[in-house]
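Okay, structure first, notes after.
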Amino acid sequence: MSRESALVSADWVEEHKSDDGVVLIEVDEDVSAYDAGHIAGAIKLDWKDDLQDAVRRDFVNQEQFSALLSERGVKNDDTVVLYGGNNNWFAAYAYWYFKLYGHEDVRLLDGGRKRWELDSRELTDEVVKRDATEYAAKEPNLEIRAFRDEVLEAIGVKNLVDVRSPDEYAGRLLAPAHLPQEQAQRAGHIPTAASIPWSKAANDDGTFRADDELKTLYADAGVDFGKDTIAYCRIGERSAHTWFVLHEILGQENVKNYDGSWTEWGSLVGVPVALGDEPGKA
Amino acid sequence: MCGATKGGLDLKGVDVDKEAVIQGQVLRGEEPVGGAYVRLLDSTGEFTAEVPTSATGHFRFFAAPGSWTLRTLAPKADPVDRQVVAQYGEVAEVAVTV
Chain A
6 MSRESALVSA
16 DWVEEHKSDD
26 GVVLIEVDED
36 VSAYDAGHIA
46 GAIKLDWKDD
56 LQDAVRRDFV
66 NQEQFSALLS
76 ERGVKNDDTV
86 VLYGGNNNWF
96 AAYAYWYFKL
106 YGHEDVRLLD
116 GGRKRWELDS
126 RELTDEVVKR
136 DATEYAAKEP
146 NLEIRAFRDE
156 VLEAIGVKNL
166 VDVRSPDEYA
176 GRLLAPAHLP
186 QEQAQRAGHI
196 PTAASIPWSK
206 AANDDGTFRA
216 DDELKTLYAD
226 AGVDFGKDTI
236 AYCRIGERSA
246 HTWFVLHEIL
256 GQENVKNYDG
266 SWTEWGSLVG
276 VPVALGDEPG
286 KA
Chain B
92 MCGATKGGLD
102 LKGVDVDKEA
112 VIQGQVLRGE
122 EPVGGAYVRL
132 LDSTGEFTAE
142 VPTSATGHFR
152 FFAAPGSWTL
162 RTLAPKADPV
172 DRQVVAQYGE
182 VAEVAVTV
């Protein structure tokens, strides 16, 4: 993977958004944002209602994902272009999710909704309805998804990257500062994890930084590119952004997103937790 | 957002004794700017959170006590930085003009 195969620019979207075989999809944390205005032709996926199981804490399964995309009119060979608010956090999460279920051609709009809005590009509230398709998701690719036991075994062995804000890492906050304080039972981070906030990988306008800057960022923070890497945050969406940077832009192999993330780890009985600004010992 | 009270957003349902709230409004002249982006940076300049403003230009953060910088990005305007101090039991109100 590379920047060229994973990212598209706003100009590219303007040029190709009406092409056959191109499907624009907006994915937001604020699920009302799409209804107020979206890029012409874009459909919406709700990261919670559409992509999470309604009862268990997990994804929708292969059959549910197939049914969802069939109903929304996405074909297996479509070029899916994802974008959203919050610097593409949830769009990157959806990107990871599409890759998990084996969709071949997925792209992220660089800068997402923010860059688009700051450029004063057009948004519309026009309702979009695509004809139903017969979408067939593949078996989930667990090469890019980490579970808790694997994370426990990775302490002191693999690169662990905590992409939350420094205050969340240190245990001074439990959640991002624009959300009320809630979630995990304990604050802190997984011992040995490097603190590399997702935001360091992005410019103020939400676009990704240049490849050489990104490599330097992770190397300087202690990521050994010769080792496997697991990224985590609070619920797996910001770490999907970092997974995207490492795996899709920089082309690193063996990078996983731990979507259980801090809400799971900080509530597990008996696992090690480190407090403060230092990574801590294995 | 339509029910915003004078001086800022309605705080109904927010326990201000337990939260260090930073909130305010982005204005261009006297006009509220909806769809601007307000970033909350910590005392070292590190990004902590970001919200788009509402149609009435309002924004709100639940921060930790301490010194923060608000960086506002709006269409056709240069970024604007404002310093603010947050503490439990107080609502820090900030008006940002772009």
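Top line first, the protein sequences correspond to chains A and B. As numbered in the numbering used here, residues 6 to 287 make up the first sequence, in order. As numbered in the numbering used here, residues 92 to 189 make up the second sequence, in order. Don't be surprised by glycine CBs; every beta carbon is placed ideally from N, CA and C.
Around A:Asp-216, the same chain offers Arg-8, Ile-254, Leu-255 as residues with beta carbons nearer than 8 Å, after the five sequence neighbours per side are excluded.
Secondary structure at A:Gln-69: helix, using DSSP grouped into helix, strand and coil.
At a cut-off of 8 Å between C-beta atoms, A:Lys-49 does not count as an interface residue with respect to chain B. The C-alpha of A:Gly-275 is placed about 14 Å away from the C-alpha of A:Ile-160.
As DSSP reads the structure, B:Trp-159 sits in a beta bridge with B:Val-175.
Not flagged as an interface residue toward chain A: B:Gly-148, since no C-beta distance is shorter than 8 Å. Taken through DSSP and simplified to helix, strand or coil, A:Glu-158 comes out as helix.
Against chain B, a Cβ distance below 7 Å from A:Gly-90 picks out Pro-143. For A:His-21, the enclosing alpha helix (DSSP H) starts and ends at 15-21. Contact annotation, A:Ala-198 with A:Val-228: C-beta distance approximately 11 Å; criterion of less than 8 Å not satisfied. Residue A:Thr-247 holds the alpha-carbon nearest to the alpha-carbon of A:Ile-235 among A:Thr-247, A:Ala-224, A:Glu-173, A:Ala-226. Contacts with chain B at 8 Å (Cβ-Cβ) include A:Ser-204. Taking a Cβ-Cβ cut-off of 7 Å, the neighbours of A:Glu-122 in chain B comprise Gly-126, Pro-166, given in sequence order. Chain A has no Cβ within less than 8 Å of the Cβ of B:Pro-123.
DSSP lists B:Phe-150, B:Val-185 as the beta-bridge partner residues of B:Gly-115. In this structure, the alpha-carbon of A:Leu-56 lies about 36 Å from that of B:Val-182. Taking the Cα positions, A:Lys-261 is about 15 Å away from A:Ile-201. Nearest to B:Asp-169 by alpha-carbon distance, out of B:Gly-104, B:Asp-106, B:Val-107, B:Arg-119, is B:Arg-119.
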